[in-house]
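Plus 333 on top of the position in the sequence shown (first one is 1) and you've got the numbering used here.
Every residue gets a Cβ at the ideal spot worked out from N, C-alpha and C, and that includes glycine.
A quick note: this is a predicted structure, and the numbers were derived from the prediction, not measured.
Shown next, in structure tokens, is the structure this report addresses.
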Amino acid sequence: SVRATRLASIEVSAALAATITASICVTGVLAGYAAAVLQGLPVGAQSLLLNFSNPRFPAQLQALTIPLLPLAARLAPTRFWRVYLIGVASLWWMCLIGSASRTAWIALTVAALLIPFFGVEGRRWLKWQLLFALIGAALWIALFHVMPSLLGIESTPETGRFSEFGSMSGRLRLWQQCIDAALAHPLLGIGPMHFAYINKGEAGHPHNFWLQMAAEWGIPAALLIGGATLALIAALARKIRAQTDAASRGVGIALLAAIIAWSVGTLADGYMVIPTSQAMSAVVFALAMMWLRLGCAPAHDGGAAGNRIVAVASTALLAIALTILIALPATQFGRPVSRAAAWRGDPLPHYALPRFWQQGLIGPDADATAGVELGSGEARK
Numbered sequence: 334s335v336r337a338t339r340l341a342s343i344e345v346s347a348a349l350a351a352t353i354t355a356s357i358c359v360t361g362v363l364a365g366y367a368a369a370v371l372q373g374l375p376v377g378a379q380s381l382l383l384n385f386s387n388p389r390f391p392a393q394l395q396a397l398t399i400p401l402l403p404l405a406a407r408l409a410p411t412r413f414w415r416v417y418l419i420g421v422a423s424l425w426w427m428c429l430i431g432s433a434s435r436t437a438w439i440a441l442t443v444a445a446l447l448i449p450f451f452g453v454e455g456r457r458w459l460k461w462q463l464l465f466a467l468i469g470a471a472l473w474i475a476l477f478h479v480m481p482s483l484l485g486i487e488s489t490p491e492t493g494r495f496s497e498f499g500s501m502s503g504r505l506r507l508w509q510q511c512i513d514a515a516l517a518h519p520l521l522g523i524g525p526m527h528f529a530y531i532n533k534g535e536a537g538h539p540h541n542f543w544l545q546m547a548a549e550w551g552i553p554a555a556l557l558i559g560g561a562t563l564a565l566i567a568a569l570a571r572k573i574r575a576q577t578d579a580a581s582r583g584v585g586i587a588l589l590a591a592i593i594a595w596s597v598g599t600l601a602d603g604y605m606v607i608p609t610s611q612a613m614s615a616v617v618f619a620l621a622m623m624w625l626r627l628g629c630a631p632a633h634d635g636g637a638a639g640n641r642i643v644a645v646a647s648t649a650l651l652a653i654a655l656t657i658l659i660a661l662p663a664t665q666f667g668r669p670v671s672r673a674a675a676w677r678g679d680p681l682p683h684y685a686l687p688r689f690w691q692q693g694l695i696g697p698d699a700d701a702t703a704g705v706e707l708g709s710g711e712a713r714k
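In structure tokens form, the structure reads like this:
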């Protein structure tokens, strides 16, 4: 629905992407919190899961959408909607604080340190974020510390994230495995998703998008994507500084902040592994590219015939991709019901559906469903 030639369209779309995501998620958190209080159950990290298996997964969405929320607050048409948006943004910050995601905290901190250098609009963006964060911190203290104490309910927030560094040493081992794989297969890598396939015991992904790219796709691919990302960030920064329109600068600043948070987050977490943050990353990058091209004349005009060829080719490729995706469940790669039954029936030591990749349990040597189509346990062996 976005018109790449109109600033208002890009701005509204960015604001809606952040607001709708945050609204849905905080509604789920509040509902879970209320249910726990009414039943006298503990409140804490479990209240923030939103049906994810790890409270750090929603934090990836928070790091990508929080930078866009000042746009929504600025666009609020009435006082009611402004109060609503401030409330949603503050609750979303509360969820970020309670997520115990050090990567998301660091990602947004880096963005907050850099954005004020982009003039008045950058400092205005930071003021909005400080307002949201302070209210969010107050809500976190009230709901997860004061209220449980008053009601006599157990509070189980995650603590000690600044002192527990076991996960960091695990990441270092994963990164070393990625480097070894990249050096062993420097040109084309070991294959997409094959880090999870070949590496059993540590984790299903290395918590570093760039090293994963180098290991699975090859060093040239990682350099290409890394160079393109740096070029995009530099182009956004240049255009923001050259932009004279305050509204346009504000949109560019919010999108740059989101991409900075993404760039930092991908260094130590699975932003490009979890489907929700993958999808939001695509939204953020698409909006940033549209804002960057806003007001730029096309380098060349292929004419009506050329445009029709591009449109037909794009439609054909999209149709092929959709056909493949729709057909997959009916092929040997599908059969989700039989595969799920086989998975549940296998005596795994740590059953953690759907995170079958949690300990690298992928492939014919570890996945009970890998040979389910063959029909027998002996065939699976």
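Rounded to whole angstroms, G551 and L565 show a C-alpha spacing of 22 Å.
The beta carbon of R456 sits closer than 7 Å to those of P449, all from its chain and outside the five residues before and after it, given in chain order.
Between L651 and W473, the alpha-carbon positions lie close to 44 Å from each other. DSSP lists no bridge partner for T599. Going by DSSP, F390 is part of the alpha helix (DSSP H) stretching over 389 to 398. Inclusion of L381 and P388 in the CB contact set at 8 Å is warranted, their separation being smaller than that value.
For S488, the three-state secondary structure derived from DSSP is strand.
Beta-carbon to beta-carbon, E344 and L408 are separated by about 7 Å, close enough to satisfy the 8 Å threshold.
Assignment of V376 by DSSP, reduced to helix, strand and coil, places it in the strand class.
In this structure N541 is buried. Its beta-carbon is surrounded by 16 or more other beta-carbon atoms within 10 angstroms. The alpha helix (DSSP H) runs of length 4 or more contained entirely in the stretch 411 to 439 are, from start to end of the chain, 412 to 432. In summary, P481 is buried, with 16 or more beta-carbon neighbours lying within 10 Å of its beta-carbon over all protein chains present. The Cβ neighbour count for G431, taken over all protein chains shown within 10 Å, is at least 16; the residue is labelled buried. Rounded to whole angstroms, the Cβ separation of L588 and L569 is 7 Å, and the two are in contact under 8 Å.
A straight-line Cα-Cα distance of about 42 Å links S342 and A515.
In the structure shown, A341 adopts helical secondary structure according to DSSP, grouped into three states. If you look at A409, you'll find it isn't in any alpha helix (DSSP H); DSSP assigns it neither H nor E. Residue burial annotation: I642 is exposed, with fewer than 16 other C-beta atoms found within 10 angstroms of its C-beta.
Take G377, set aside five residues on each side of it, and the residues of its chain with a beta-carbon closer than 6 Å to its own are S488, T489, P490, in chain order. The alpha-carbon of L402 is positioned some 42 Å away from that of H518. In the same chain as V421, and ignoring 5 residues on each side of it, the C-beta atoms closer than 7 Å to its own belong to T352, A355, S356, V359, in chain order.
With a threshold of 16 other beta carbon atoms within 10 Å, G373 falls short and is exposed. By the Cβ neighbour-count rule, K460 is exposed, with fewer than 16 other Cβ atoms within 10 Å of its own. The alpha-carbon of A406 is positioned some 28 Å away from that of F385. Secondary structure at N541: coil, using DSSP grouped into helix, strand and coil. Excluding sequence positions up to five before and after A470, its CB lies within less than 8 Å of the CB of W426, M427, I430, all in the same chain and listed in chain order. S386 carries a coil assignment under DSSP once its states are collapsed to helix, strand and coil.
P400 and M605 have their C-alpha atoms some 18 Å from each other. Classified as exposed, V670 has fewer than 16 neighbouring CB atoms from the shown chains inside 10 Å of its CB.
In the structure shown, D578 adopts coil according to DSSP, grouped into three states. Excluding residues up to 5 positions away in sequence, T436, H540 lie with their Cβ nearer than 6 Å to the Cβ of D602 in the same chain.
By the neighbour-count criterion, in which a residue is buried when 16 or more other Cβ atoms sit within 10 angstroms of its Cβ, H478 is exposed.
Using a Cβ distance threshold of 8 Å, S596 and T562 count as a contacting pair.
Where V453 is concerned, the enclosing alpha helix (DSSP H) starts and stops at 452 to 474. Between the C-alpha atoms of A529 and N640 there is a straight-line separation of about 41 Å.
Separation of L447 and L441 (C-alpha to C-alpha, rounded to the nearest whole angstrom) is 10 Å.
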